[in-house]
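Line by line, the protein sequences give chains A and B.
Letter by letter, the first sequence follows residues 1 to 78 of our numbering.
Letter by letter, the second sequence follows residues 79 to 100 of our numbering.
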Amino acid sequence: QEPLDATMLASAPLMDQKQLLGERLYPLIQAYHPNLAGKITGMLLEMDNTELLHMLESPESLHAKVDEAIAVLKAHQA
Amino acid sequence: GNNINWPPEFCPGVPWKGLQNI
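Spelled out as structure tokens, the structure:
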């Protein structure tokens with residue numbers, strides 16, 4: 001699967017952009033949190049596409065945001 | 079009250095409908 005870049009993303013319809021990002025993010029998140037991957041991906045997809053692209057390129061950023069999302073998720077479910 | 083359906087869940091291969099305003 002070729003890497004997703006900003007140009008490729010911008011050429012996709014707006015609705016499809018989130019889908020493309022989600023399809024890339026989900027397996028990465030699933031590796032760390034198999035049970036919460038769908039929810040976490042859903043939360044992260046509400047962020048800007050620019051930030052999501054950055055997270056795909058930077059595992060540190062992704063992990064930081066995933067940790068944040070889990071904290072929010074747990075607070076919400078409590 | 080909190081929306082119990084939040085956050086919207088992403089499923090691979092299923093069209094994403096999480097965002098209301100796009």
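C-beta atoms are modelled at their ideal positions from N, C-alpha and C, and glycine is treated no differently.
Computed from a predicted structure; not experimentally measured.
DSSP three-state assignment for residue i, whether helix, strand or coil
i       : result
D48(A)  : coil
D5(A)   : coil
L36(A)  : coil
A78(A)  : coil
I100(B) : A caution first: I100(B) carries a pLDDT of 47, below 50, which makes its placement in the model too unreliable to give a value.
S11(A)  : coil
P90(B)  : coil
Cross-chain neighbours of residue i in chain B, by beta carbon under 7 Å
i      : result
Y26(A) : F88, P90
M43(A) : P85
E23(A) : P90
Of the listed residues the options, nearest to residue i (C-alpha basis)
i      : options                        : result
E87(B) : E51(A), Q30(A), P59(A)         : Q30(A)
L21(A) : L36(A), M43(A), H33(A), N35(A) : M43(A)
P59(A) : A37(A), L25(A), A6(A), N49(A)  : L25(A)
H32(A) : A78(A), D16(A), A64(A), D5(A)  : First, the residue type needs correcting, since residue 32(A) is Tyr and not His in the sequence shown. Here the closest residue by C-alpha is A64(A).
G96(B) : L62(A), T41(A), D5(A), S11(A)  : T41(A)
Local Cβ density within 10 Å of residue i, reported as buried at 16 or more and exposed below that
i      : result
L14(A) : exposed
Q17(A) : buried
K74(A) : exposed
V92(B) : exposed
Cβ separation of residue i and residue j, assumed to be a contact under 8 Å, to the nearest whole Å
i      : j      : result
G84(B) : Q19(A) : Strictly speaking, residue 84(B) in this sequence is Trp, with Gly absent from that position. Rounded, the Cβ-Cβ distance is 20 Å, inconsistent with contact.
L53(A) : A6(A)  : 6 Å
Chain B residues whose Cβ lies nearer than 8 Å to that of residue i
i      : result
H63(A) : Residues of chain B passing the Cβ test: none, with the nearest at roughly 18 Å.
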